[in-house]
Amino acid sequence: MTLLEVGNLSVSFHGVRAVSDVSLTVARGESVALVGGSGAGKSTVARVVAGLTVPVAGSVTFDGVDILGIRGRAARSMRRDIHLVFQDPYASLPPSMTVAEIVAEPMVIHRIGAKSTRRDAVVAALESVNLLPAERYLGRYPHELSGGERQRVAFARAVIAGPKLILADEPTSGLDASLRVDIVELMNRLCQDQGIAIVHITHDLALAQRGSDRVVVMQGGRVVESGSVSSVLGSPRHHYTAALVAAAARS
Ligand SMILES: Nc1ncnc2c1ncn2[C@@H]1O[C@H](COP(=O)(O)OP(=O)(O)O)[C@@H](O)[C@H]1O
Ligand SMILES: [Mg+2]
Numbered sequence: 001m002t003l004l005e006v007g008n009l010s011v012s013f014h015g016v017r018a019v020s021d022v023s024l025t026v027a028r029g030e031s032v033a034l035v036g037g038s039g040a041g042k043s044t045v046a047r048v049v050a051g052l053t054v055p056v057a058g059s060v061t062f063d064g065v066d067i068l069g070i071r072g073r074a075a076r077s078m079r080r081d082i083h084l085v086f087q088d089p090y091a092s093l094p095p096s097m098t099v100a101e102i103v104a105e106p107m108v109i110h111r112i113g114a115k116s117t118r119r120d121a122v123v124a125a126l127e128s129v130n131l132l133p134a135e136r137y138l139g140r141y142p143h144e145l146s147g148g149e150r151q152r153v154a155f156a157r158a159v160i161a162g163p164k165l166i167l168a169d170e171p172t173s174g175l176d177a178s179l180r181v182d183i184v185e186l187m188n189r190l191c192q193d194q195g196i197a198i199v200h201i202t203h204d205l206a207l208a209q210r211g212s213d214r215v216v217v218m219q220g221g222r223v224v225e226s227g228s229v230s231s232v233l234g235s236p237r238h239h240y241t242a243a244l245v246a247a248a249a250r251s
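Going by our numbering, the first residue of the sequence shown is number 1, and it counts up by one from there.
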C-alpha cells in the first residue's frame, strides 16, 4: 500500500531549478534511503513533503490525499502524520525547554492524551530510544546532553504523536562517525517496530544500507536510480551511483 507518492516534482528558487521532475513512492511502514551528494535536492524534496516549500510543478499524495493544496484542519492533521527530523539537533531542539517538555510537545500541539498520561508516554518514548533510566533525562536541557543523546531525544519527539511518516534529514551528520551506525539502526528499528515509514536522507551510502528497504539516488535535482538496497548498491546502473559505491568502498 502506497503511503507517499511524489509525482514529477519540480522546485525553483529565484528562478533557478533545484529539483526537476522527481517522482518517488514510499509504502506504508517502508524504510527508504534518499541518497545523493550535497546540493542534489534531497532536503528540498523533504521540505516540500513536510509542507515547508512550495513546488513549481508536480504532486504530493499522502495517504490518498493531495496534500499540496490542503489548508486548515486537514493541514494540521497532516503535520501530525508527517514528522521532519533535522540534521542538527542543536538548532532544532529549543534550548530553554527540558527534555520532558520537548518530547511531550507534539502531544500538546495535537492535543493527544491528558496531561497526567503524557509523562508516562514521554518516559516510554525515551526508553524506546535507549535513554535510560528515562527519569534521569526528563529535567535536563539540550546543552546538558551529548550529540547522540540530543538526536535520540529528537527521535523520541518524532515518534510520540504516532506519525505515519518520518523524514530524517541527515540525522547523524553532526555526530562522531563511531555513533552514526548505531543511531541509524536505532532509528530504523524504532520505525519498523511502530509501523512508521521513514525516508532517511543521507550522503553516506554505508549508512543508507543500514535498515533501509529501498534506495533512491539523486543527483543535480533529479532521481537517477532507485530500487532495492541490494540491487542498486550491488549492481548500480547509473554511473553516478557506481561512483558513489566506489567512493564508499574506498573510505
Ligand atoms: N532556500 C533556498 N534558497 C535558494 N536556493 C536553495 C534553497 N534551498 C536549497 N537551495 C538550492 O537548491 C539546491 C538543492 O539543495 P538541497 O535540497 O538543500 O540539496 P541537498 O539536501 O541534497 O544537499 C542547491 O543548489 C541549493 O543551493
Ligand atoms: Mg540537505
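Cβ atoms here follow ideal geometry from the backbone N, Cα and C, with glycine treated the same way.
Quantities reported herein were computed from a predicted structural model and do not represent experimental measurements.
- For Val16, the number of other beta carbons within 10 angstroms of its own is below 16, and it is reported as exposed.
- Near ligand 1, meaning a Cβ closer than 6 angstroms to any of its heavy atoms, lie the following residues in chain order: Phe13, Ala18, Gly36, Ser38, Gly39, Ala40, Gly41, Lys42, Ser43 and Thr44.
- Take the alpha-carbon of Ala40 and the one of His238: they are about 15 angstroms apart.
- Secondary structure within the stretch 67-138: the beta strand (DSSP E) runs of 3 or more consecutive residues, fully enclosed, are 82-85 (chain order).
- Contact annotation: Leu138 and Arg152 have beta-carbon atoms that are not nearer than 8 angstroms.
- Of the heavy atoms belonging to ligand 2, at least one sits nearer than 7 angstroms to the Cβ of Asp169.
- CA-CA distance, Thr172 to Leu233, rounds to 21 angstroms.
- Counting C-beta atoms within 10 angstroms of its own C-beta, Pro55 has 16 or more neighbours from the protein chains shown and is therefore classed as buried.
- With fewer than 16 other Cβ atoms from the protein chains shown falling within 10 Å of its own Cβ, Val108 counts as exposed.
- The stretch 61-69 makes no contact with the stretch 84-97: fewer than 3 CB pairs, one atom from each, lie closer than 8 angstroms.
- The continuous alpha helix (DSSP H) containing Gln192 extends over residues Ala177 to Gln194.
- Minimum Cα-Cα distance from Val49 among the listed residues Gly72, Arg73 and Leu3 corresponds to Leu3.
- Of the other Cβ atoms in all chains shown, fewer than 16 fall within 10 Å of the Cβ of Asn8; this residue is therefore exposed.
- A distance below 8 angstroms separates the beta carbons of Val217 and Thr241.
- Gly174 sits away from Gly211, with the two beta carbons spaced by 8 angstroms or more.
- Looking only at Pro142, Thr61, Val35 and Cys191, the smallest Cα-Cα distance to Leu244 is reached by Val35.
- In the structure shown, the three-state DSSP call for Ala158 is helix.
- Following the DSSP letters along the chain, one finds Ala168 in no alpha helix (DSSP H) but inside the beta strand (DSSP E) bounded by residues Leu165 to Asp169.
- For Arg250, the enclosing alpha helix (DSSP H) starts and ends at His239 to Arg250.
- Collapsing the DSSP output to three states places Ala50 in coil.
- Per DSSP, reduced to three states, the secondary structure at His200 is strand.
- Fully contained in the stretch 25-50 are the following alpha helix (DSSP H) runs of length 4 or more, in chain order: 42-49.
- Membership of Leu207 in the alpha helix (DSSP H) is indicated by the continuous run Leu205 to Ala208.
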